[in-house]
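Novice: Pasting a structure here, questions to come.
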Amino acid sequence: MPSGKGKPLAARPEKGGGGGGGGNSRRQWVVVLPETATDLPKKPGAGPLFSRLPHPSTGQAALYLFGSDACQIFEIKAFHEEYRSWFIGQEVQYDGRLFFATPMDPLFLVLFYLMKAEKEGKFQPLDQVLVDEEFSSSIQLLQCTNISQSIHHIAEQKGTKQAKILIIKKYQTRCQSVFLRLGNIEMCGLQLPEFFKPLSHCTNGCKVDVKC
4 MPSGKGKPLA
14 ARPEKGGGGG
24 GGGNSRRQWV
34 VVLPETATDL
44 PKKPGAGPLF
54 SRLPHPSTGQ
64 AALYLFGSDA
74 CQIFEIKAFH
84 EEYRSWFIGQ
94 EVQYDGRLFF
104 ATPMDPLFLV
114 LFYLMKAEKE
124 GKFQPLDQVL
134 VDEEFSSSIQ
144 LLQCTNISQS
154 IHHIAEQKGT
164 KQAKILIIKK
174 YQTRCQSVFL
184 RLGNIEMCGL
194 QLPEFFKPLS
204 HCTNGCKVDV
214 KC
């Protein structure tokens, strides 16, 4: 991709059982992502983080990438053709998928949790709405840039400064929901799902919630 807009990244390798041969080979993946995703973090240990979160359209687990300091979030999609491998350094990686990290608005993920809370009859502050035992990284959405300033687009905040609860704005939410559920979008005559699919799980024993 053009310099300054994106770059390939070999995700953190895992030892054992990986690429082209012996037990000491390393398993790696190639990810194309904006350079801002790997900026030096301001805090130690706050580098890029791959995490599973519910897809806002389906609620099923999908793979996302939090950029440094969790300021941005990217949806990870995979381009896959059979019988493809990567040559990385002196090693052959049998997993030939090419992963793309696409920037997305974290409000879509927040909206999913707000709608879930409303169905359960819960009206809570945002930091409580985002608590998810199944997807523990969901609380990281609070760190995304300007999330607190943009939440008013989809919800009203009521209560005191110490305890503000969120109530969904019905009209805006309905529009967002329709957008999320649009399917069979065509580009250049091809339906995107034929090539790019949400990464709902990792094959070959790869790990998520592990820092790059």
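In the numbering used here, the protein residues as written are 4 to 215.
From the three backbone atoms N, C-alpha and C, an ideal C-beta is built for every residue, glycine too.
Could you tell me the boundaries of the beta strand (DSSP E) in which Leu101 lies?
Specialist: The sequence position of residue 101 within the sequence shown is 98, counting from 1. Segment Leu101 to Pro106, the beta strand (DSSP E) holding Leu101.
Novice: For Lys161, which three-state DSSP category applies?
Specialist: Walking along the sequence shown from the start, residue 161 turns up at place 158. In the structure shown, Lys161 sits in a strand (DSSP, three-state: E or B).
Novice: Which one or two residues does DSSP pair with Val3 in a beta bridge?
Specialist: Because the chain in this structure spans residues 4 to 215, residue 3 falls outside the shown range and cannot be described.
Novice: Taking the CB atoms as reference points, tell me whether Val113 and Ile154 lie closer together than 9 Å.
Specialist: Position 110 of the sequence shown, counted from the first residue, corresponds to residue 113. Position 151 of the sequence shown, counted from the first residue, corresponds to residue 154. Cβ distance < 9 Å, so Val113 and Ile154 count as in contact.
Novice: Leaving out five residues before and five after Ile150 in sequence, what residues of the same chain have Cβ atoms less than 6 Å from its Cβ?
Specialist: Numbered from 1 along the sequence shown, position 147 holds the residue referred to as residue 150. If we look at Ile150 and ignore the five residues flanking it on each side, its Cβ neighbours are Pro109.
Novice: For the segment 132 to 151 against the segment 41 to 56, do three or more pairs of beta-carbon atoms, one drawn from each stretch, fall closer than 8 Å, so that the two count as touching?
Specialist: Judged by Cβ distances under 8 Å, the segment 132 to 151 makes contact with the segment 41 to 56, as three or more pairs qualify.
Novice: Would you decide whether Leu43 is buried or exposed? Buried here means 16 or more other CB atoms lie within 10 Å of its CB.
Specialist: Here residue 43 refers to the residue found at position 40 when the sequence shown is read from its first residue. The residue is exposed, with fewer than 16 neighbouring Cβ atoms inside 10 Å.
Novice: If Leu117 sits next to Ala158, beta carbons under 8 Å apart, how far is it from one beta carbon to the other, in whole angstroms?
Specialist: Within the sequence shown, residue 117 is the residue found at index 114, counting from 1. Within the sequence shown, residue 158 is the residue found at index 155, counting from 1. Yes, they are in contact, since the Cβ atoms of Leu117 and Ala158 sit about 6 Å apart, within 8 Å.
Novice: When you compare the CB positions of Gln93 and Thr148, do they come within less than 9 Å of one another, or not?
Specialist: Position 90 of the sequence shown, counted from the start, is the residue given in the question as residue 93. Position 145 of the sequence shown, counted from the start, is the residue given in the question as residue 148. Cβ distance not < 9 Å, so Gln93 and Thr148 don't count as in contact.
Novice: Would you mind sorting His58 into buried or exposed? The rule is 16 or more other CB atoms within 10 Å of its CB.
Specialist: Position 55 of the sequence shown, counted from the start, is the residue given in the question as residue 58. Its Cβ being crowded by 16 or more others within 10 Å, His58 is buried.
Novice: Quick check on the burial criterion: 16 or more other C-beta atoms within 10 angstroms. Buried or exposed for Ser88?
Specialist: For the purposes of this step, residue 88 is taken as residue 85 along the sequence shown, with counting starting at 1. Classification for Ser88: exposed.
Novice: Whole angstroms is fine: what's the gap from Ser60's alpha carbon to Phe115's?
Specialist: Position 57 of the sequence shown, counted from the first residue, corresponds to residue 60. Position 112 of the sequence shown, counted from the first residue, corresponds to residue 115. Distance between the alpha carbons of Ser60 and Phe115 is about 8 Å.
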